[in-house]
Every structure is written in C-alpha cells, then in structure tokens.
Amino acid sequence: MKKAKMQRFRQFIPLYVMLLPGVIYLFINNYIPMAGIVVAFKKYNVNDGIFASPFAGLANFEYLFSTNDAAVIIRNTLLYNVAFILINNIIGIALAIMISDVLSKKLRKLYQSAVLLPFLISIVVVSYIVFAFLSHENGMFNNSILPLFGMDTVQWYNDTTWWPLILVITNCWKGVGYGTLIFIAGIAGIDKSFYEAAELDGAGKWQQIWRITIPCLIPSIITLLLMSIGRIFYSDFGLFYQVPQNSGSLYPVTNTIDTYVYRALIAAGGIGRSSAAGLFQSIVGFTLVMVSNGVVRKLSVDNAIF
Amino acid sequence: MILSKGRRAYQLVINFLLMLTTLIMVLPLLLLFISSITDENTLVANGYSYFPEQLSLTAYRYILTNAASILRAYGITVMVTAIGTVGNLLLVSLMAFPLSIRELPGRKFVSFYVFFTMLFSGGLVPSYIMWTTTFGIKNSIWAYILPNFLLSAFNIILVRTFFQTSIPNDIYEAAKIDGAGYFMIYWKIVLPLGKPILVTIGLFSGLSYWNDWTNGLYYITDSKMLSIQALLNRMIQDIQALAANSTANSGALMQIPQVSIRMAIAFVAILPILIIYPFLQKYFASGIMLGAVKG
C-alpha cells in the first residue's frame, strides 16, 4: 500500500520540478516583501536591514497621520478612482453598444482598433503628448488654441484648477478601450433572438438597449466593478506622477497614495512614513477585495472572482 | 440588405460618433509625430501644432548621428523585452501545466499560493529594500527584468484554465502509454497546443516590459543603463541628460534640437507598437476579452 503511494508520488516528481522556478520567483518577488512589511513598525536603518532594525511601535503611522498628507492622498486616491470608474464604464458601455451595432465589418474593426490603441502606449509617452498640448512655452493650448479665442494663457503645470479634469480625460483616453472590448465581448454573447422578439413587439433601439443590452451586460459590469473596487486604494502611479511631470505646485490635486509612497521613499528619512502608507494601502486594499467579493458572492456566486 | 429610414439614421449617427471617437484616439498621437518632424525654430516661435510652417528631420538626424545614448537605451529596451518575455512565457507555462493536472497532490495548495499574491502585496518599500540590498540589482539589466514583471498570478490562472479546457486529458494518457514523461508532454504537446494563449500572454508581457519605466525609476541611477522609457522619463526633467551622454566628442557637436527631440524620441519609443499593432490586433483584443471571462 505504502509502496504504491510512493510510486504514485514519484510519477509526479517532474511536475513538482516544473513548479519550482515559479514558486521560488513568487516567494522572492511577492512573499518576502510581505514579511518585509514589518519595516512599517521599525526605525529602519540600512546597516541593520529590515529585520534587525529596532522596533518603533506605531511611530511611523503617528507621523503619517499627524500631517495633512494622509487625508489629502486618501481623498485624492478615492475620488479619482470613483470618477474613473464611473466615466470609463459609462463611455465604455456606450462605445461598445455603438461599435457592436455598426453594420460594416471593416468599420467595426477600425473603431475597435482605434479605441484600444492608446491602451498600448506607455504612460511616459502619454505625458509627452499631454506636454505637447499644455507646455507653458511651446504647448498647443497656450500658443494656438487659447489665443484663437482671445483667452489668456494658463500656467498649466502650476495651476491646480484644471488638473482633476485633465487627469480624468487622460485616463479615459488611455484606458477606455480596455472596458470597451470587454463589453463588446459581453454584447456578442447576448442571444440574438431577444432582439428579434423585441422588434416584433415594436420596441425601438433605445428600448432594446435599456431592456436587453444593459441588463445582459450586468455580469461583465459587476466583474469589472468588483476588480476596480478592490483596487480603489491603488492609483496608476504613472498617471499621477508622470503626466503632471511631478510638479510640486500640483501636489494638492495630484498626490495619491502611490506617488506619496515613492516620494517619501526617496526623501531623506522618509522610509518610515513611506512604508506606513504602503502597509495601510495593502491592508485596506486587501479588506476591500475580500468584502466586495463577499458581497457579490452573496448576490450571485457566478460573478464572484473567487 | 434594405434598411428602414429609422435604421439608416441610426447607422449614420453611430458611425458619425465613432468616427469622432477614432479621431480623438488618433489625433494626439499624430501631434506627437508632427511635432517630431517640425523645424526647431518654428516650434520655438509657434509651439507644437498640427499645421507647422516648416518641417524638418533634424531631430531624427540628431538621434542617428549624435546621440549614442538613445541608441543604447533602445538596445537595452529591446534586450530587456526579449529576455523578459521569454522568461515570462517559460515560467508561466511551466507553472500552469502542473496546475492543470487535476490528480496532482498539493495542487490546491500551490494554486492558493499563486492566487494569494493577487490579494496582498508587501508594497514598494520592502521590495525596494530587498532587491537593492539582498540581490543588489541596482544599475544592472536585471533591475528591469526581475522585479514584478517576470511572472503574474493572473497569467498563470489564465493559462492553466486554457490548458484545462482546451487540451483533452486523453492526449496525456495516450502519450504516457507511449512512454512519454511529463517533460516530454510539456514540450511536445502542451506548448504547441497552448500556442494561442501563449502568444497572447507573450504579447502582453512584451508590451509591459517595453512600456515599463518604473523599474528604471526605482533602480537605475547610472545614465548608461537607462532604457528608452527611463531615458524619456529623465528627459522630461532634464533635456541635458541627452547631451551628457553624447559620444560625439569631435568638434562637430550638433546643437540639440531641444523642443522637437523630446517628441522624436517619444515617437521612436512607440514606433514598434504602431508597426506590429495592425498585424496582431486580434491577439491584443482576444487577450483582453480572455481576462474578462475571469481567471
């Protein structure tokens, strides 16, 4: 009996060998840093390393929350994410419905390729494009567009007024194609006979969209929402660091948890508050994933991610 | 097909709106390109514009003749993308195959081990300390390859699901009867049959290596080790970063066309993507749609 078990186990050895490189990589890249979060409770110094540095209790967190920074970065992260989720999903659904309805196959393909194109471009290059529009001296807005309407030029990279809008537009331009494609896949899966029946009953296009297409898309919408809510405490570092060109006067409207963590990390003596903010983000993020998934599981098991 | 009046109007409206969308998606990229071929003096006088008075290829000539730093950065990006993508495909497929074998003891545990990395992360600070102190990858090519991008749990789950659903178990059984071991099965059956998903995953992995600038920001201080994205990142703050590395130490040092060259380098950085995109469009699209059908 035992021998047979050994034999069975031996047969699987090659499979375990195959797993090994990936298991080791995840251990190094993901699990060791998880243990390293204790650094948030330490007074880190380079010579002792993470684990031998002396404990500092909650000092790092006290320092983080004693300033106004914590409130600002949490507010910015949350509000921007809510705006992104709403706008990208609404526009994504609208585009997907329209693209799916286009009769010409060639045009359909063209539109689909066009909306996805910005998704493939690095955020650094996107920040150059934004710079071409907004640069104080050479930007298109200050040189051509604003003078055309007789308006004063704007010191875009010093003036916080427009940045919430600029970031929402930039994010939508770059990211909307992703959701659009998912919704197109969702629409392609809807049973065509629903529409035929609706047409026989005299339902117009508008009614078909609201009564058939959108209800049928609910599962994809929930999955996407769930993923975004789980990530609502995370922000696209490149969008908030790179696109405003790390301009200090814009921090009140561009500083998010991720940019804060990075800037604190490279600032002298900032490693404590940086790791505290990072740990705070990890824990809240983890909780949000678990809670949102739990809620969806209650509503409908099929839509839960796990 | 004959369309009713209402339907024809609907087609007109949506095609108009979608054409508009297409323009909005493409025009900013066009501005990048036109700016890169605009004469420097025109740029200084009139700013970036879709309708420049004077065109010029000076920026590109500068890249080719004077700025070895740009070519080196390009080379680093190409190398990193190649090594990273191959490594990623190897690790992902090697992990996904055993996890797709239902009778493998401990499969559940390893699956959870993989999955948990999607739920919780140690964050930047511990990773940064570990990679720089324990592994000392600062200013080496490994700084671009190793942190974060080599293996993602999401991809493992995607590929495992594909293996499970599209490769019939009978093939493995038949191969085993013929005396093939698991390595043989992986090499001769799983990789060829898994090609559609592996191409897609490889494409996205290549894209994230090509586009990544964060590892360059965190781990690279030596200007000789900059990738093209990291160079672009540094140039935003300091255009002189280019001149500092210029190898043209002969007397004929060209003036840097400061305003146009930014756009020229940025355009060169996205050029490969623009070139391959039309051919591989369906793989990009199917990759995203696969993700939608959840892991």
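Sequence order for the protein chains is A and B. Last residue of the first sequence: 371 (the working numbering), numbering continuous. Last residue of the second sequence: 672 (the working numbering), numbering continuous. Every residue gets a Cβ at the ideal spot worked out from N, C-alpha and C, and that includes glycine.
Use the C-beta contact count for residue i: other C-beta atoms within 10 angstroms, 16 or more gives buried, fewer gives exposed.
i              : result
M71 (chain A)  : exposed
N546 (chain B) : exposed
A329 (chain A) : buried
Y563 (chain B) : buried
Y427 (chain B) : exposed
K270 (chain A) : buried
D375 (chain A) : Here chain A comprises residues numbered 66 to 371, so residue 375 (chain A) is not present and cannot be evaluated.
R537 (chain B) : buried
W590 (chain B) : buried
I78 (chain A)  : exposed
A253 (chain A) : exposed
I440 (chain B) : buried
T132 (chain A) : exposed
P98 (chain A)  : buried
F644 (chain B) : buried
S365 (chain A) : exposed
D266 (chain A) : exposed
Give the secondary structure of residue i by DSSP, where H, G and I count as helix, E and B as strand, and everything else as coil.
i              : result
F351 (chain A) : helix
F120 (chain A) : strand
T415 (chain B) : strand
L168 (chain A) : coil
L394 (chain B) : helix
K107 (chain A) : strand
L432 (chain B) : strand
G215 (chain A) : coil
K671 (chain B) : Note that K671 (chain B) scores 38 on pLDDT, short of 50, meaning its location in the model is unreliable; the coordinates nonetheless yield the value given after this. In the structure shown, K671 (chain B) sits in coil (DSSP, three-state: anything other than H, G, I, E or B).
T399 (chain B) : helix
Q310 (chain A) : coil
K515 (chain B) : coil
Y425 (chain B) : coil
S604 (chain B) : coil
G483 (chain B) : coil
R362 (chain A) : helix
Q220 (chain A) : coil
Y299 (chain A) : coil
In chain order, what residues of the same chain lie with their CB nearer than 7 Å to the CB of residue i, ignoring the 5 residues before and after it?
i              : result
R73 (chain A)  : none
Y425 (chain B) : L408 and S412
R338 (chain A) : N125, Y128, L129 and A329
G593 (chain B) : Y521, L603, S604, Q606, A607 and N610
Y193 (chain A) : none
Y387 (chain B) : none
V82 (chain A)  : none
S477 (chain B) : R537, F540 and Q541
F238 (chain A) : Looking at the sequence provided, one finds Trp at residue 238 (chain A) rather than Phe. Contacts found: P183.
D599 (chain B) : N516
M205 (chain A) : A197 and F198
A629 (chain B) : Reliability of the predicted coordinates at A629 (chain B) is poor, the pLDDT of 44 falling under 50, and the value obtained from them is presented with this limitation in mind. Once the five neighbours on either side are set aside, A629 (chain B) has no close Cβ partner at all.
When you compare each of the options to residue i by their alpha carbons, which one comes out closest?
i              : options                           : result
K565 (chain B) : B:S585, B:G499 and B:S470         : B:S470
M640 (chain B) : B:G464, B:T494, B:I665 and B:Q606 : B:Q606
N516 (chain B) : B:N443, B:K601 and B:P649         : B:K601
Q273 (chain A) : A:I283, A:P284 and A:E261         : A:E261
P475 (chain B) : A:Y299, A:Q76 and A:L353          : A:Q76
G461 (chain B) : B:L528, B:N418 and B:S637         : B:L528
G499 (chain B) : A:D217, A:I188 and A:G350         : A:G350
L466 (chain B) : B:K382, B:Q632, B:F581 and B:I647 : B:F581
P395 (chain A) : A:G251, A:R362 and A:P212         : Outside the displayed range of chain A (66 to 371) lies residue 395 (chain A), so it cannot be described from this structure.
V491 (chain B) : A:T235, A:N133 and A:G87          : A:G87
P655 (chain B) : A:S131, A:L182 and A:I138         : A:L182
T398 (chain B) : A:N203, A:V191, A:I234 and A:A179 : A:A179
S314 (chain A) : A:V356, A:L353, A:I297 and A:W227 : A:W227
V308 (chain A) : A:Y90, A:A342, A:T278 and A:W221  : A:W221
Excluding five sequence neighbours on each side, which residues of the same chain lie with their C-beta closer than 8 Å to the C-beta of residue i?
i              : result
I336 (chain A) : V104, Y109, A329 and L330
L289 (chain A) : N154, G244 and I247
F526 (chain B) : G461, N465, S582, S585, Y586, D589 and N592
I249 (chain A) : A161, I164, S165 and Q177
T509 (chain B) : K515 and Y596
D367 (chain A) : P284
Please list, in chain order, all residues of the same chain as residue i whose beta carbon is under 6 Å from its beta carbon, the five residues on each side excluded.
i              : result
S433 (chain B) : D416
F345 (chain A) : none
I613 (chain B) : none
K257 (chain A) : none
Determine whether the Cβ of residue i lies closer than 8 Å to any Cβ atom of chain E.
i             : result
M99 (chain A) : Included in the structure are the protein chains A and B, with no chain E among them.
Q) Do the segment 531–542 of chain B and the segment 551–558 of chain B touch if we need at least three Cβ pairs shorter than 8 Å? A) For the pair of segments examined, the segment 531–542 of chain B was found not to touch the segment 551–558 of chain B: the number of CB pairs separated by less than 8 Å stays below three.
Q. Is the segment 155–169 of chain A in contact with the segment 311–325 of chain A, if contact means three or more CB pairs nearer than 8 Å?
A. no
(Q) Any contact between the segment 390–407 of chain B and the segment 140–147 of chain A? By contact I mean 3 or more CB pairs, one from each, below 8 Å. (A) no
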